[in-house]
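The sequence shown runs contiguously to residue 547 in UniProt numbering.
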Amino acid sequence: PRPTQQTQTFIPNTSGGNLPEITSELLNSYIHSSQWHFIKQLAPKITPSLITSALLDLHKNPDLAFQFINHLGFRRIRDIKTRCIAIAVISGLSTSKPTLQLLKETLNSGIATIQVVFNELAVARDELRIRSSTVFDFLLRVCCELKRDDDAFKCFYMMKEKGFVPKIESCNDMLSMFVKLNRPYKAWVLYAEMFRMRIKSSVCTFNIMINLLCKEGKLQKAKDFLGFMESLGIKPNIVTYNTIVHGYCLSGRIEGARLVLNAMKSRGVQPDSYTYGSFVSGMCKEGRLEEASRMLEQMKENGLVPTAVTYNTLIDGYCNKGNLEMAFSFRDEMVKQGIMPTASTYNLLIHELLMERKMVEADDMLKEMGEKGIVPDSITYNILINGYCRCGNAKKAFSLHDEMIHKGMLPDIVMFNALIDGHCTNGNIERAFSLLKEMDRMKVHPDEVTYNTLMHGRCRQGKVEEARRLLDQMKRRGIKPDHISFNPTRLTYNALIQGLCKNQEGDLAEELLREMVSKGITPDDNTYFSLIEGIASVDKAAESSNS
Numbered sequence: 001p002r003p004t005q006q007t008q009t010f011i012p013n014t015s016g017g018n019l020p021e022i023t024s025e026l027l028n029s030y031i032h033s034s035q036w037h038f039i040k041q042l043a044p045k046i047t048p049s050l051i052t053s054a055l056l057d058l059h060k061n062p063d064l065a066f067q068f069i070n071h072l073g074f075r076r077i078r079d080i081k082t083r084c085i086a087i088a089v090i091s092g093l094s095t096s097k098p099t100l101q102l103l104k105e106t107l108n109s110g111i112a113t114i115q116v117v118f119n120e121l122a123v124a125r126d127e128l129r130i131r132s133s134t135v136f137d138f139l140l141r142v143c144c145e146l147k148r149d150d151d152a153f154k155c156f157y158m159m160k161e162k163g164f165v166p167k168i169e170s171c172n173d174m175l176s177m178f179v180k181l182n183r184p185y186k187a188w189v190l191y192a193e194m195f196r197m198r199i200k201s202s203v204c205t206f207n208i209m210i211n212l213l214c215k216e217g218k219l220q221k222a223k224d225f226l227g228f229m230e231s232l233g234i235k236p237n238i239v240t241y242n243t244i245v246h247g248y249c250l251s252g253r254i255e256g257a258r259l260v261l262n263a264m265k266s267r268g269v270q271p272d273s274y275t276y277g278s279f280v281s282g283m284c285k286e287g288r289l290e291e292a293s294r295m296l297e298q299m300k301e302n303g304l305v306p307t308a309v310t311y312n313t314l315i316d317g318y319c320n321k322g323n324l325e326m327a328f329s330f331r332d333e334m335v336k337q338g339i340m341p342t343a344s345t346y347n348l349l350i351h352e353l354l355m356e357r358k359m360v361e362a363d364d365m366l367k368e369m370g371e372k373g374i375v376p377d378s379i380t381y382n383i384l385i386n387g388y389c390r391c392g393n394a395k396k397a398f399s400l401h402d403e404m405i406h407k408g409m410l411p412d413i414v415m416f417n418a419l420i421d422g423h424c425t426n427g428n429i430e431r432a433f434s435l436l437k438e439m440d441r442m443k444v445h446p447d448e449v450t451y452n453t454l455m456h457g458r459c460r461q462g463k464v465e466e467a468r469r470l471l472d473q474m475k476r477r478g479i480k481p482d483h484i485s486f487n488p489t490r491l492t493y494n495a496l497i498q499g500l501c502k503n504q505e506g507d508l509a510e511e512l513l514r515e516m517v518s519k520g521i522t523p524d525d526n527t528y529f530s531l532i533e534g535i536a537s538v539d540k541a542a543e544s545s546n547s
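Pasting the structure below:
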């Protein structure tokens, strides 16, 4: 039995002034007559003991209990025993939403561990003589919603110890969470426990486990699982087949996916847009664009409408092949089908236009985006800035960079590298170094490309010593655990060797060559060409001084 008086752990509303003493009888009368304004006024006097007493009286009326807790303010109750009594009573409602919300608030508040919450719910359940163990399933579901995988497992095993069998829906929530959090080991441990506890798997259970097998690349085992579920009398659905088809297509095994497609059709399960979309994606990934196009036609013949993602996949495939004509034809087709092009659609087309140095057309596409109300995203700006830098229009690239910052978008390492390269190419080395400082401010860590570009810039200026200092800085950053590990590349050494040779510092160049080889970096033709050119220039200088 519970003690008659508990420690005052209710957070009072101090605005009430002088208030009369409140008894259980008075509180119950206010609750049953729905005089919530009086309860709010008397809140400072309502102790956990009074709340518990009222809830025990209301255990057969969860609707009224929920109204009482709602008006009182659940967050102000800091006593875990009282909270769990409230949750246990309210779990009797026809809808699960209030119970899940109260459990979520309790776990998020940090006032008790999962073990304490479970034990107090068990005490409350016994005291209220509740036969169902549903409240523990609710606790499991909340752990999954909050992505607390360890707490979910603790709750599962505590249920097992108490002799409560979790519902299959709760187990599926756990399995799904483990897959999403990339905890395959935990998923298989749970699945084995379910098997031992004779918890009957549903089609959803099998779909989750088949998805896990596909993610692990175990496609044959996924197909075996399909046979296993059929042997148990569980009929696979469209999700089951789509998961396996997607797994095969993702790994480039199109013929294997076709076999699954034939199997699903033979069992009376018709492919949907997702099925065909997986084939289109897999075929494009393998460069089988004509087959992907035919699959799209087959999809439409079967009365299915392709999604923007499917069209974007084909557009991407043809852009990668440099076939802008076909890419644009699919863009036009999706518009005719009433499918609105997305930012991704335009990003793909703009990228390919800039790759082909069609800057006017790329500008037109950007304008078209604005006209159609499609907002350019950070990827759009990345593509444009990289493209304009590559095409030599650094001014436009820097303007877009400023526009992007103004819109609250943060540049990434690729964009910074493009801008730094643009400045170095234009001879604005100091501006390039100011961008390095901007990267530090934005916590964007420079990489090998950043340093190589800056070293090239310094070498072109003839400031080889400053370039060497950059190499030292690069090495220093490499040993700091809070930074990306930097390893000077062949490009790094070639830039410095070329700069030293131009400055007729052959001894230092040879020293760098030895360092390069000692680090396992093989010199190439450019390395030796720079050294030979440097030696030749030294010889010429010596000859002219002797003559």
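Backbone N, C-alpha and C fix where the C-beta goes; we use that ideal spot for every residue, glycine too.
N-terminal and C-terminal residue of the alpha helix (DSSP H) that residue i is part of
| i | result |
| --- | --- |
| residue 380 | 378-390 |
| residue 548 | This structure cannot settle anything about residue 548, because the visible part of the chain is limited to 1 through 547. |
| residue 340 | Run containing residue 340: none; DSSP gives neither H nor E here. |
| residue 226 | 219-231 |
| residue 126 | 114-127 |
| residue 453 | 448-461 |
| residue 246 | 238-250 |
| residue 360 | 359-371 |
| residue 260 | 254-266 |
Reduced DSSP category for residue i - H, G, I as helix; E, B as strand; rest coil
| i | result |
| --- | --- |
| residue 528 | helix |
| residue 199 | coil |
| residue 429 | helix |
| residue 413 | helix |
| residue 481 | In this prediction, residue 481 scores a pLDDT of 31, lower than 50, which makes its location untrustworthy; the coordinate-derived value is nonetheless stated afterwards. In the structure shown, residue 481 sits in coil (DSSP, three-state: anything other than H, G, I, E or B). |
| residue 77 | strand |
| residue 351 | helix |
| residue 216 | coil |
| residue 316 | helix |
| residue 329 | helix |
| residue 153 | helix |
| residue 22 | coil |
| residue 567 | With the chain covering 1 to 547 only, the question about residue 567 has no answer from this structure. |
| residue 486 | Confidence in residue 486 is poor, its pLDDT being 46 and thus under 50, which makes the residue's placement too unreliable to answer from. |
| residue 148 | coil |
| residue 47 | coil |
| residue 307 | coil |
| residue 323 | coil |
| residue 442 | coil |
| residue 33 | coil |
| residue 272 | coil |
| residue 399 | helix |
| residue 178 | helix |
| residue 514 | helix |
| residue 130 | coil |
Under 8 Å between C-beta atoms of residue i and residue j
| i | j | result |
| --- | --- | --- |
| residue 154 | residue 181 | no |
| residue 222 | residue 208 | no |
| residue 422 | residue 397 | yes |
| residue 455 | residue 470 | yes |
| residue 328 | residue 349 | yes |
| residue 141 | residue 109 | no |
| residue 40 | residue 21 | no |
| residue 106 | residue 82 | no |
| residue 280 | residue 304 | no |
| residue 74 | residue 102 | yes |
| residue 378 | residue 409 | yes |
| residue 416 | residue 375 | no |
| residue 138 | residue 100 | yes |
| residue 177 | residue 151 | no |
| residue 242 | residue 202 | no |
| residue 166 | residue 158 | no |
Cβ separation of residue i and residue j, assumed to be a contact under 8 Å, to the nearest whole Å
| i | j | result |
| --- | --- | --- |
| residue 117 | residue 143 | Wrong, their Cβ atoms sit about 10 Å apart, outside the cutoff. |
| residue 226 | residue 210 | 7 Å |
| residue 413 | residue 457 | Not really, about 17 Å apart at Cβ, beyond 8 Å. |
| residue 31 | residue 68 | 5 Å |
| residue 282 | residue 319 | Their Cβ separation, rounded to whole angstroms, is 18 Å, which puts residue 282 and residue 319 out of contact at 8 Å. |
Cβ-heavy atom distance, residue i to the ligand SAH, below 7 Å
| i | result |
| --- | --- |
| residue 229 | Among the components of this structure there are no ligands whatsoever, and the ligand SAH is therefore not found. |
Exercise for review: Determine contact between the region 259-268 and the region 282-296, defined as no fewer than three beta-carbon pairs at a distance below 8 Å.
Suggested key: Taking 8 Å as the limit for Cβ pairs, the verdict is that the region 282-296 does not touch the region 259-268.
Practice item. Say whether the region 385-395 touches the region 351-359, bearing in mind that this needs 3 or more beta-carbon pairs closer than 8 Å, one atom from each stretch. Key: Judged by Cβ distances under 8 Å, the region 385-395 makes contact with the region 351-359, as three or more pairs qualify.
Check your understanding: Are there three or more Cβ pairs, one per stretch, closer than 8 Å when the region 369-387 is compared with the region 323-339?
Key -> No, the region 369-387 is not in contact with the region 323-339.
Point to revise | the region 55-66 touching the region 87-96, judged by at least three CB pairs closer than 8 Å | key: Note that the region 55-66 touches the region 87-96; at least 3 beta-carbon pairs, one per stretch, sit closer than 8 Å.
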